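Notes follow the structure.
In full-length UniProt numbering, the protein residues as written are 1 to 690.
See the structure below:
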């Protein structure tokens, strides 16, 4: 290496490879593999007496890599630090500057929102100093979390069990899940009724629901209410009392933020938040596209902004016009209120080039990469398209002052819906529901009136998507914290997933009760959101990080002393499993492990016998005809089916076998899940049932 060389330090080898290609031979690009310094794991690492001074050490295992960076730095004419463009990236750059004895006031920091040739070249034309406000905001978060975690966690180890932890964001997440479970348990269902009618107009049938009586909207609570409505009506002839036709415009959604991407990937792709961020990181850092080389396909994936650059907007408009026609291009941007809690430091998550369409990239991407990229690409393109136009029709039908209402809609102009329609926990894709061309005063006939009894349902448990959305709405955490928070509360066994929805464990509720009793401010949503706002003020240079930490710690320290003296010890007894250990005869107990519940001998460590929890499905093994088929879970938590005589019998199936044979060939029938529901297939012939 010659003295004319420039050294560029990034976070990952994938990013180093992509950036190195763009910068040319004069630049040597190396990866720091994330942080090189951090607070020690074995102790708190924060000196409360010395203005909360953090004590950083070189991360174990990073010595050889740091030595290599120091050697390269000595030979370089100039060093550029190109870590990610967020608080953590700024902190990584600052730690690198200290480790390499650099002047952190020199213009050594390079930031870019996308890894493309133009963005990289432009970024290196305008390097800046390390932004200490960003560094201080990140330091404040780390120090705050250390003060909470490394003080409360030892208490929990002493009073409950080893290996527990407590944190600001994770504790609020567990509280939300636990509070929802309490709501569900305390829920009292209430009865209500609907009357669904099928009506005939000429030769066309349509449906309408009971709406009200005597000109007023009315709810039906009991069978008696239904009987009153039916008794008031006179025959099956209804008059069309009113017909209202309107044109409704539906605007497209905005491009993805970190939170909305995690939510939509969970709903559409069944991705966990952690997986979404991992795959997005791969797309951001670069994918080998054959002759094109390694190319970064999306912009930075940790953002709370919905804006896009003017260049991206123009390119997307050109693509839409060329592909769908000028009528599909958005004329003016709808006025959307930016979230008041958003930092808006970066663009939204979008493709680095709209011209890189998902179909053309499919040969170069893994299945998961392609599915996530397609989602991001479609969302961006749709956001720049014209609104959809719907023709809606509302018809009120009257019989002796009893009113039924029918609604219909038709897509007049699909607009953005041609490319993408957002899903949601509760909303369905918009479809055409056409009504006959009815006129006021016209007579229609009720062919069937079907009263149906219903009961109100408790609020649903949180999915990952719904929990992320709630945390964001409450101002708890930031885009970078959601995925690790959800991962932590599951690894600590504070919550578990039941059918993709969170349920609190006994351990989670016990720990939560102790924190509520002794550290209520940690779980106060308003307090935690205020702390996030204070971190933002530090980033903006409007607040001193030491003052923010000190204001918190004064009250926290007093509560800590009370908790050390008054917190009771809690014994968590293992739940009996109802069967004896095959090796020593002790009654087995249920334990919670990395992959969920399992049975274990309580005589550990003398006896180490364990047994998986299996669920019989009422089907004899089709291979050996002796064992029973049971439901099991793989290490990746995917359900499969196998014989309970394994390893003596090796029958296994991803699809659920059913108890009857194929009527065509007498072989095994299995249930297959499809987008439309469940279908039955034969494993041997072409027999199929919907």
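Ideal Cβ positions, reconstructed from N, Cα and C, are used throughout, including at glycine.
Quick caveat, the model's predicted, so the values are computed rather than measured.
Can you list, in chain order, the residues of its chain with a C-beta nearer than 6 Å to that of residue i? Leave out the 5 residues immediately preceding and following it.
| i | result |
| --- | --- |
| residue 628 | 616, 644 |
| residue 244 | 394 |
| residue 521 | 527 |
| residue 496 | 503, 505 |
| residue 81 | 9, 93, 96, 108, 109 |
| residue 56 | 37 |
| residue 579 | 588 |
| residue 280 | 301 |
| residue 14 | 285, 286 |
So, with DSSP's three-state summary, where would you put residue i?
| i | result |
| --- | --- |
| residue 569 | coil |
| residue 338 | Residue placement at residue 338 cannot be trusted, given a pLDDT of 49 that sits under 50; what the coordinates show is reported in the next sentence. Of the three classes helix, strand and coil, the one that applies to residue 338 here is coil, per DSSP. |
| residue 318 | helix |
| residue 652 | strand |
| residue 588 | strand |
| residue 598 | strand |
| residue 373 | helix |
| residue 430 | Low confidence applies to residue 430: its pLDDT is 46, below 50, so where it sits in the model is not reliable, and the reading given next is rough at best. Residue state, collapsed to three classes: coil. |
| residue 647 | coil |
| residue 294 | strand |
| residue 679 | strand |
| residue 271 | coil |
| residue 358 | helix |
| residue 286 | coil |
| residue 684 | coil |
| residue 403 | strand |
| residue 137 | helix |
| residue 379 | helix |
| residue 225 | helix |
| residue 422 | coil |
| residue 414 | coil |
| residue 143 | helix |
| residue 659 | strand |
| residue 668 | strand |
| residue 154 | helix |
| residue 408 | strand |
| residue 390 | strand |
Take residue i and list the residues in its own chain whose beta-carbon comes closer than 8 Å to its own, dropping the five residues that flank it on each side.
| i | result |
| --- | --- |
| residue 370 | 358, 361, 362 |
| residue 157 | 163, 164 |
| residue 455 | 189, 190, 191, 192 |
| residue 11 | 31, 32, 33, 34, 83, 84, 89, 92 |
| residue 72 | 1, 7, 28, 30 |
Does the CB of residue i have a neighbour CB from chain D at under 7 Å?
| i | result |
| --- | --- |
| residue 509 | Here there is only one protein chain, and chain D is not present. |
Starting from residue i, trace the beta strand (DSSP E) both ways and give me its first and last residue.
| i | result |
| --- | --- |
| residue 639 | 639–643 |
| residue 450 | 443–455 |
| residue 304 | Where residue 304 is concerned, there is no enclosing beta strand (DSSP E), given that its DSSP letter is neither H nor E. |
| residue 214 | Taken as a continuous stretch (DSSP letters only), residue 214 belongs to no beta strand (DSSP E), as it is neither H nor E. |
| residue 615 | 615–620 |
| residue 578 | 576–580 |
| residue 543 | No beta strand (DSSP E) contains residue 543, which DSSP labels as neither H nor E. |
| residue 241 | 237–250 |
| residue 630 | 628–633 |
For residue i, report the span of its alpha helix (DSSP H) as first-last.
| i | result |
| --- | --- |
| residue 525 | 525–539 |
To the nearest whole angstrom, what separates the beta carbons of residue i and residue j, a pair I think is in contact under 8 Å?
| i | j | result |
| --- | --- | --- |
| residue 388 | residue 408 | Not a contact, Cβ separation roughly 16 Å. |
| residue 489 | residue 174 | 6 Å |
| residue 612 | residue 590 | That belief does not hold up - the Cβ atoms of residue 612 and residue 590 are roughly 12 Å apart, past 8 Å. |
| residue 511 | residue 494 | 6 Å |
| residue 657 | residue 670 | 5 Å |
| residue 419 | residue 381 | 5 Å |
| residue 348 | residue 254 | 7 Å |
| residue 182 | residue 22 | Their Cβ separation, rounded to whole angstroms, is 54 Å, which puts residue 182 and residue 22 out of contact at 8 Å. |
| residue 148 | residue 128 | Not quite, the Cβ-Cβ distance comes to about 33 Å (not below 8 Å), so this is no contact. |
Taking 6 Å as the cut-off, is the beta-carbon of residue i closer than that to any non-hydrogen atom of the ligand SAH?
| i | result |
| --- | --- |
| residue 134 | Here there are no bound small molecules, and the ligand SAH is not part of this structure. |
Within its chain, find whatever has a CB closer than 7 Å to the CB of residue i; leave out the 5 residues flanking it on each side and keep chain order.
| i | result |
| --- | --- |
| residue 468 | 259, 262, 263, 273, 482 |
| residue 78 | 6 |
| residue 435 | 206, 393, 395, 406, 408 |
| residue 155 | 563, 564, 567 |
| residue 451 | 193, 195, 226 |
| residue 398 | 238, 239, 241 |
| residue 150 | 44 |
* In the UniProt domain "Toprim" (5–123), which residue ranges form an unbroken alpha helix (DSSP H) of at least 4 residues, counting only runs that do not cross its ends? -> Along the UniProt domain "Toprim" (5–123), the alpha helix (DSSP H) occurs as fully enclosed runs of 4 or more residues at 13–23, 63–75, 87–99, listed in sequence order.
* Every unbroken beta strand (DSSP E) inside the stretch 453–515 [3 residues or more] -> Considered as a whole, the stretch 453–515 harbours 495–498, 501–504 as its complete beta strand (DSSP E) runs of no fewer than 3 residues, in chain order.
* Would you list, in sequence order, the uninterrupted beta strand (DSSP E) runs of no fewer than 3 residues that lie entirely inside the stretch 161–199? => Entirely contained in the stretch 161–199, not one beta strand (DSSP E) run reaches 3 residues.
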